[in-house]
Amino acid sequence: MPDYPLTAAAIKNQFKRAGIHFVVALPDRVTSHYLLKGLIADPEFKVVQVCKEDEGVSICSGLYAAGHKSVFMMQYTGFLDSINAIRGVAVEGHFPVCMVVGLLGKEPDVAPTQSKKYGVKIIEPILDVMGIEHRLVERDADANQIGAVIEKSFATSSPSAILIGREPR
Amino acid sequence: MMKRDEMLKAFARQRTDEIVVAVYTAAQELTHIQPNDLNYTFVGAMGQGSSHALGLALGRPDKKVVVFDGDGSLLMNLGSLVTIANQAPKNYIHCLCENGCYETNGSVPTPRSGQIRFAELAKTAGYRKTYEIGDLAEWERELPNILNSEGPVFVTLKVEPGEAYPENFPRLYSLEYREKFRQKLAAS
Numbered sequence: 001m002p003d004y005p006l007t008a009a010a011i012k013n014q015f016k017r018a019g020i021h022f023v024v025a026l027p028d029r030v031t032s033h034y035l036l037k038g039l040i041a042d043p044e045f046k047v048v049q050v051c052k053e054d055e056g057v058s059i060c061s062g063l064y065a066a067g068h069k070s071v072f073m074m075q076y077t078g079f080l081d082s083i084n085a086i087r088g089v090a091v092e093g094h095f096p097v098c099m100v101v102g103l104l105g106k107e108p109d110v111a112p113t114q115s116k117k118y119g120v121k122i123i124e125p126i127l128d129v130m131g132i133e134h135r136l137v138e139r140d141a142d143a144n145q146i147g148a149v150i151e152k153s154f155a156t157s158s159p160s161a162i163l164i165g166r167e168p169r
Numbered sequence: 001m002m003k004r005d006e007m008l009k010a011f012a013r014q015r016t017d018e019i020v021v022a023v024y025t026a027a028q029e030l031t032h033i034q035p036n037d038l039n040y041t042f043v044g045a046m047g048q049g050s051s052h053a054l055g056l057a058l059g060r061p062d063k064k065v066v067v068f069d070g071d072g073s074l075l076m077n078l079g080s081l082v083t084i085a086n087q088a089p090k091n092y093i094h095c096l097c098e099n100g101c102y103e104t105n106g107s108v109p110t111p112r113s114g115q116i117r118f119a120e121l122a123k124t125a126g127y128r129k130t131y132e133i134g135d136l137a138e139w140e141r142e143l144p145n146i147l148n149s150e151g152p153v154f155v156t157l158k159v160e161p162g163e164a165y166p167e168n169f170p171r172l173y174s175l176e177y178r179e180k181f182r183q184k185l186a187a188s
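For the protein sequence lines, the chains are A and B, in the order given. Take the first sequence: its position 15, counted from the start at 1, is 15 in the numbering used here, and no numbers get skipped. Take the second sequence: its position 148, counted from the start at 1, is 148 in the numbering used here, and no numbers get skipped.
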């Protein structure tokens, strides 16, 4: 049992298991320090930094069309900002865009829908109404499901969201 | 100024095996002017063409990727110039069909219509080479250089509507055509 409930290594290993090479990202305060910086430093990954999140939806789609699997890391604020691209490209366009979304400010071990933070509270209902499969990750045991979520996304050519509920260390 | 469909026909005459990403009216016209399984029209949301093209260029560095973007579209995704320049794909050719308006949405002028040097924005962002082309003869003359340049290359094309072509939005977003694209590219 690690000292910290969620580790960056557990998430990174799941990316590797799912055959991810490209990580498209805009820094998210939840995952930047331990996960994103680690991915940038790891030669097995190619990190494509974007200026705005909707770019990432489309870059992942272009990568898919070119035969590659990728994940797209962002903060929940960026998810909210890029809803139209997610709607038009990923959902209606049936592109397997796998989003890794940091829930900045979510209270530990509190369900996102019960968060006192408005922006966090609305994320799962939005994903539900858009028909996007999502999974909350707060512990390494949850992280072990990430590979399967990514694989299902590509098998069904549909988007998915992995919600990171606390900072991975 | 050139007619956009004449510009696309001139491109089609010199195209070999490039991936072509086209948006809005250029996409509608391209599907008529040069049907090709490597035409990528599945952009899905305004402004996103340049970003789809970046994914394709990074995923297939052995293939040239030519994007026919719009000025209204690029204004919606200006940061993509910096993202693209930061990745610096050598196989990326960004052609901007500058018509100064939102043609599909009633031809309302874009902000600062006709007063922005988009090629200068691209140069400042870090594109390796930029062109500004105002007539068809110049486009036909420069195209071999453009296609053989190391990217990312940015080309402003001053265009106006030409012949009207039937719109077919279901074709632009067709899953069947997207799968044909993927298969053709995988085999290329």
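We treat Cβ as the ideally placed atom computed from N, Cα and C, and that holds for glycine.
Q. Using the C-alpha atoms, what's the distance from LEU104 (chain A) back to GLY59 (chain B)?
A. 31 angstroms
Q) Which residues in the same chain as VAL108 (chain B) place their Cβ atom closer than 7 angstroms to its Cβ, once the five residues preceding and following it in sequence are excluded? A) Cβ within range, chain order: CYS101, TYR102.
Q: Below 8 angstroms CB to CB, which residues in the same chain sit around LYS37 (chain A) once its five sequence neighbours on both sides are set aside?
A: none
Q. For LYS106 (chain A) versus THR113 (chain A), is the C-beta spacing smaller than 8 angstroms?
A. no
**Q.** chain A contacts from the stretch 47-59 of chain B (Cβ-Cβ distance under 7 angstroms)
**A.** GLN48, SER51, HIS52, ALA53, LEU54, GLY55, LEU56, LEU58, GLY59
Q) Going by other Cβ atoms of all chains shown within 10 Å of its Cβ, with 16 needed for buried, is TYR131 (chain B) buried or exposed? A) buried
(Q) Using CA atoms only, rank isn't needed, just tell me which of B:TYR24, B:GLU18, B:ILE19 is closest to ASP5 (chain B). (A) B:TYR24
Q. By the criterion of Cβ-Cβ separation under 8 angstroms, what are the contact partners of ASN39 (chain B) in chain A?
A. Those within 8 angstroms of ASN39 (chain B) in chain A number zero; the least Cβ separation is about 12 angstroms.
Q.
Check this for me: beta carbons of CYS51 (chain A) and VAL97 (chain A), under 8 angstroms apart or not?
A. Cβ atoms of CYS51 (chain A) and VAL97 (chain A): not closer than 8 angstroms.
Q) When burial is assigned at 16 or more other CB atoms within 10 Å of the CB, is TYR118 (chain A) buried or exposed? A) exposed
Q: Confirm, please, whether the CB-CB distance from ALA25 (chain A) to GLN49 (chain A) is below 8 angstroms.
A: Yes, the pair counts as a contact, with Cβ atoms nearer than the cut-off.
Q. Closest to ASN77 (chain B) by CA distance: which of B:ALA12, B:VAL66, B:ALA10, B:MET46 is it?
A. B:MET46
Q: Kindly identify the DSSP beta-bridge partner or partners of THR7 (chain A).
A: Bridge partners of THR7 (chain A): none, in fact.
Q: Compile a chain-ordered list of the residues in the stretch 154-168 of chain A whose CB is closer than 7 angstroms to at least one CB of chain B.
A: none
Q: Would you mind telling me which residues of chain B sit closer than 8 angstroms to ASP54 (chain A), beta carbon to beta carbon, in chain order?
A: ALA45, GLY47, GLN48, SER51, ASN77
Q: Mind checking which residues open and close the alpha helix (DSSP H) that includes MET76 (chain B)?
A: 71-76
Q. Do you know how far the Cα of GLY88 (chain A) is from the Cα of LEU6 (chain A)?
A. A straight-line Cα-Cα distance of about 33 angstroms links LEU6 (chain A) and GLY88 (chain A).
Q) Going straight from the alpha carbon of ALA53 (chain B) to that of ASN168 (chain B), what length do you get? A) When rounded, the distance between both Cα atoms is 21 angstroms.
Q: Would you mind working out which of A:ASP140, A:ASP3, A:GLY19 sits nearest LYS152 (chain A), comparing C-alpha positions?
A: A:GLY19
Q: Please determine if the stretch 154-173 of chain B and the stretch 28-38 of chain B are in contact, where contact requires at least 3 C-beta pairs separated by less than 8 angstroms.
A: yes
**Q.** VAL129 (chain A), buried or exposed, once every other Cβ within 10 Å from all chains shown has been counted against 16
**A.** exposed
Q. Considering HIS134 (chain A), what are the terminal residues of the beta strand (DSSP E) in which it resides?
A. Here the beta strand (DSSP E) through HIS134 (chain A) covers 133-137.
Q: List the residues that DSSP assigns as beta-bridge partners of GLY102 (chain A).
A: A:GLN75, A:ILE164
Q: Please classify PHE68 (chain B): does DSSP put it in a helix, a strand, or coil?
A: If DSSP states are grouped into helix, strand and coil, PHE68 (chain B) belongs with the strands.
Q. Which residues, taken in chain order from the stretch 2-24 of chain B, show a beta carbon closer than 9 angstroms to some beta carbon of chain A?
A. ILE19, VAL21
Q. What first and last residue would you give for the beta strand (DSSP E) that runs through VAL23 (chain A)?
A. 22-25
Q: Consider the Cβ of PHE42 (chain B): report whether some Cβ of chain A lies at a distance smaller than 8 angstroms.
A: Judged by the 8 angstroms Cβ criterion, PHE42 (chain B) is in contact with chain A.
**Q.** Cβ neighbours of ARG166 (chain A) in the same chain (closer than 6 angstroms, five flanking residues each side left out)
**A.** LEU6, PRO108, GLU138
Q: Pair every Cβ in the stretch 75-94 of chain B with every Cβ in the stretch 172-184 of chain B, then say whether three or more of these pairs are closer than 8 angstroms.
A: no
**Q.** Nearest candidate by alpha-carbon position, reference TRP139 (chain B), set B:LEU175, B:VAL155, B:ARG128
**A.** B:VAL155
Q. What are the uninterrupted segments assigned as alpha helix (DSSP H) that are 4 or more residues long and contained completely in the stretch 68-128 of chain B, given in chain order?
A. 71-76, 79-87, 118-125
Q) Cβ of SER58 (chain A) within 8 angstroms of Cβ of GLY55 (chain B)? A) The Cβ atoms of SER58 (chain A) and GLY55 (chain B) lie closer than 8 angstroms to each other.
(Q) Excluding the 5 residues flanking SER82 (chain A) on each side, which residues of the same chain have their C-beta closer than 7 angstroms to its C-beta? (A) GLU53, ASP54, VAL57
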